[in-house]
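Please read the structure below before turning to the comments.
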Amino acid sequence: MGKKSSRNGRLLLWAVVIGFILLAIDAPKSVWIVAALSMGIMYYKARPAAAKTPVKQQLKTTSHAFAARKEPSAVPKAFSSNTDEPISVVQTNGTLSSTFRVPPAPTGFGAAQWVEPGAETIIGGVIIPGGMVYVGTELLTPTGNNDPCLIDPSKSIANRGDYTERQFGYWPSYSEISASARRAYLEWLAGGRQDPSADIGFVFLFFYGLERRVIIDGSSNGITQDECTAVTQELRRLLAIYGDKSRSFHRYASELLNWATLVTYDRKLYEQLVPDFSKTYELPVYLKLALGQAAIDAAPVPVDIALAWARLDPKIVLRTPATRCAEQFEKLFRHKYTELFGGGLILPKNKTKLKFFYQAASSGFQGYRQPTLNFGETPDVSVLTGPVKKIQSLVDSVTKELETFSRFLGRNPDDKASLEGLLLLPATLWPAERQRAVAQLEVRIAGDVLTMSLGELQSLLGAQSTLTRDKVLGLARALESINIGMEPDVLNGAKVPKPEETVVLFSIPPGEPVSRRTAAYHAAALTLELASAVATADGEFSSTEEIHLREQVQSWTHLTPNHLSRLIAYLRLLTVAPASLTRLKKKLEPLDNVAKETLAAFMAAVAQSDGTVAPNEVKMLEKVYNALGIDSTKVFSHLHQVATDTPVLATSSNGRAAEFKLDHSRVAALQQDTEKVTALLSSIFTEELASEASEPPVEAEPAAVSTTPLGLDEQHGSLTRLLLSRPQWTRTELLDAAEDLDLLLDGALEHINEAAFDQFDMPLTEGTDPIEVNTELLEKIEA
């Protein structure tokens, strides 16, 4: 059928040509004209129908070809453009198959679509994982332009692009950056948005999309809680990678994180766990709201909120120990906060109302009203200086206790868990494994005393090597922090024992100040030393003698419970390593007789502090007097000096009366001469201090610097931070804030503007009502 139509067409063409020639030769001009018209009409009607193509179909085809924007592929040699040649079609099992396929419809064109978190999309052949981008050719802003974040597939993309190079200026837009920059951006997205070497401009371009999704889409159609959670996780991830690279990005991303966490919030945020925030130029709005709610409810601020406040408020100075020893800082802060404030700090309800004005990073927000969150009557307690001072004082107290450990970590960053390092901390801050070992010690002591070698104690607590003198002091200090005392009393100057030598552990009564440097205590310790020396001078220190001395110590009511516990432990140590009488006599030699009698009389008063003096006590005093080089018969004269009544007879071995009633006023008079007795004892009987081990050079802690903007004082600095939180204020709002800070508004603004002029040659505020804030200063002040 196709061949027959082709032949008819050719015969008709030849007939027309021959007829035209004949007419041109013989026919008149009028006939020639008529014939020519007739042949044209005949040719038009005889044209093959297949040559006609509807106009509608042509437009459709053209439109499709434009939309696809694909370069034409090379035509295979098997095909010819000659329409007279047939096209081969093969039918197999009823299905048509050909070598030509219609290309798939293009994706990403038309109105923009938000790619859900975790989804995957393909742009220009580049696979973009993770979603959270807008793709399309239209996402208009109020200015009539496409939003800068929109990834427009119709825009050209270069073959190469380097996202580590700066390729555009401030406020980039995907549609307006170069083709190589678009390629670089897509490659950064394809790599998971995690290369720390990426130029921050590409990070901002992606951030613009998150900003639009959370604030613009969130305010109109809302976003699901799951999606909001995904965005906040992404913001925290980006801040961890790029937050330190750009102050500007850190600030904008932190503000959006604030907004995202407040899309929905609880009526009592102060009872909730605090989300993870990074420190910026002002306290996160989430925390401001939690504190404001606590103030409204007159509820104590929980320790979790207080800890976050301490870490995130720029007005609170955190020195190196608080950051280097973050785990220990948190534990100690919690302990001291509870100790100081009980259930928590109570905040006043001030007049400044809390509002959140969001300052967008993207130029796509131009033309929109400034995004704002209002919290009703909730006060902004962050402007107050009083509560901040209380938290700062607590922070300083905690930091001071961590200073030595922080310096140790500075020198030995890998020895954080070593006993040598832990000994610089209170035992309550030790790891759980070491605390279990300490708990075993407490069980074994059980209100009495526990005797072991220093080496055994070190091994029990996990020491890897013999501890130096300083570390043994640290061990005693750490044990004392959990009410376990140690003899010898190395913290009071006693000689540090060797690993094989004995130490005695005992329980310290809780809640009592630890003080050994009193005349009464030193006299009692001297009595035990002399008694132990006398007892061993003629042989063995028997258990009977130990029991007697223990009972005597327990009868010394003029001593504190702490002193009594330590003396009993010291007595146990003296039974194992008694004092040398020869050494004591040698140390006593420099004293004159008056000084020796003063000490002897003091010990006589101590001996009868319980109201009576038993015969065995008299016998012991006689031996002590002999050791001091004093006539032993003076024991009775000294005892009679403090007796008021006729003694109750108690016959000693030599028949002399030996029991007296106590004159408490006389004993008190003797004990009041503490300065003289303390001077004598501290110069004679205290163990010589070994030379202090010199500490290796340590890094100097950086001096605390002012954290207030423009170098202002706390009150004006607090008002400045409040001003910078939004671009415009009513005078009424600032009058409330100034009153909260005990400032006069006009004078305060003038003072702040003068400081801004001194540093940046421009004022911070302009106008009187409303008061406009120059937010351009924000980044300069941050820097």
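Under the UniProt record's numbering, think of the first position of the sequence shown as 1, with each following residue one higher. Note that beta-carbon positions come from the ideal geometry of N, C-alpha and C, so glycine has one too. Just so it is clear, the structure is predicted and the values come from calculations on it, not from any experiment.
Distance, residue j Cα to residue i Cα
i: residue 286; j: residue 305; result: 11 Å
i: residue 178; j: residue 163; result: 12 Å
i: residue 349; j: residue 295; result: 5 Å
i: residue 159; j: residue 180; result: 7 Å
i: residue 579; j: residue 629; result: 17 Å
i: residue 582; j: residue 589; result: 11 Å
i: residue 359; j: residue 255; result: 8 Å
i: residue 419; j: residue 476; result: 13 Å
i: residue 319; j: residue 326; result: 11 Å
i: residue 192; j: residue 129; result: 7 Å
i: residue 462; j: residue 570; result: 26 Å
i: residue 485; j: residue 556; result: 20 Å
i: residue 453; j: residue 467; result: 13 Å
i: residue 302; j: residue 343; result: 7 Å
i: residue 206; j: residue 321; result: 37 Å
i: residue 210; j: residue 237; result: 13 Å
i: residue 380; j: residue 323; result: 27 Å
i: residue 790; j: residue 507; result: The chain is shown only over 1 to 783; residue 790 falls outside these bounds and no answer can be derived.
i: residue 232; j: residue 281; result: 20 Å
i: residue 772; j: residue 766; result: 5 Å
i: residue 59; j: residue 144; result: Residue confidence is low: residue 59 scores 24 on pLDDT, short of 50, so the model does not pin down where it sits. Its coordinate-derived value is still stated next. The alpha-carbon atoms of residue 59 and residue 144 are separated by roughly 29 Å.
i: residue 328; j: residue 273; result: 20 Å
Residue j beta carbon less than 7 Å from that of residue i
i: residue 200; j: residue 182; result: no
i: residue 719; j: residue 755; result: no
i: residue 473; j: residue 449; result: no
i: residue 851; j: residue 424; result: The structure shown has nothing for residue 851, since the chain only spans 1 to 783.
i: residue 584; j: residue 523; result: no
i: residue 269; j: residue 289; result: yes
i: residue 504; j: residue 497; result: no
i: residue 333; j: residue 291; result: no
i: residue 117; j: residue 131; result: yes
i: residue 758; j: residue 352; result: no
i: residue 175; j: residue 152; result: yes
i: residue 478; j: residue 427; result: yes
i: residue 375; j: residue 354; result: yes
i: residue 134; j: residue 150; result: yes
i: residue 639; j: residue 604; result: yes
i: residue 764; j: residue 753; result: yes
i: residue 313; j: residue 345; result: no
Boundaries of the alpha helix (DSSP H) in which residue i is found, first to last residue
i: residue 752; result: 745-760
i: residue 336; result: 326-341
i: residue 302; result: Where residue 302 is concerned, there is no enclosing alpha helix (DSSP H), given that its DSSP letter is neither H nor E.
i: residue 420; result: 419-422
i: residue 723; result: 714-724
i: residue 399; result: 386-411
i: residue 564; result: 561-576
i: residue 254; result: 247-261
i: residue 438; result: 432-445
i: residue 459; result: 454-460
Coarse secondary structure for residue i, derived from DSSP in three states
i: residue 103; result: At residue 103 the pLDDT is 46, less than 50, meaning the model places this residue with poor confidence and gives no usable figure here.
i: residue 796; result: The question about residue 796 has no answer here: the residues shown for the chain are numbered 1 through 783.
i: residue 595; result: helix
i: residue 553; result: helix
i: residue 316; result: coil
i: residue 345; result: strand
i: residue 582; result: helix
i: residue 242; result: helix
i: residue 113; result: strand
i: residue 764; result: coil
i: residue 138; result: strand
i: residue 232; result: helix
Unbroken beta strand (DSSP E) run spanning residue i, endpoints
i: residue 626; result: Looking at the DSSP string, residue 626 is not in any beta strand (DSSP E); the run it does join, the alpha helix (DSSP H), is 615-628.
i: residue 356; result: 353-357
i: residue 292; result: Here residue 292 belongs to no beta strand (DSSP E); instead the alpha helix (DSSP H) covers 285-297.
i: residue 374; result: 372-379
i: residue 772; result: 771-773
i: residue 121; result: 121-123
i: residue 133; result: Note, residue 133: premise wrong, no beta strand (DSSP E); not H, not E.
Residue i Cβ short of 6 Å to the ligand MN heavy atom set
i: residue 374; result: With respect to the ligand MN, the structure offers nothing, as it holds no ligand at all.
Going residue by residue through the region 147-230, where are the continuous beta strand (DSSP E) segments of at least 3 residues, counting only ones entirely within it? none
To test your reading of the DSSP string, which unbroken beta strand (DSSP E) runs of 3 or more residues are found completely within the region 465-549? 484-487 and 502-507
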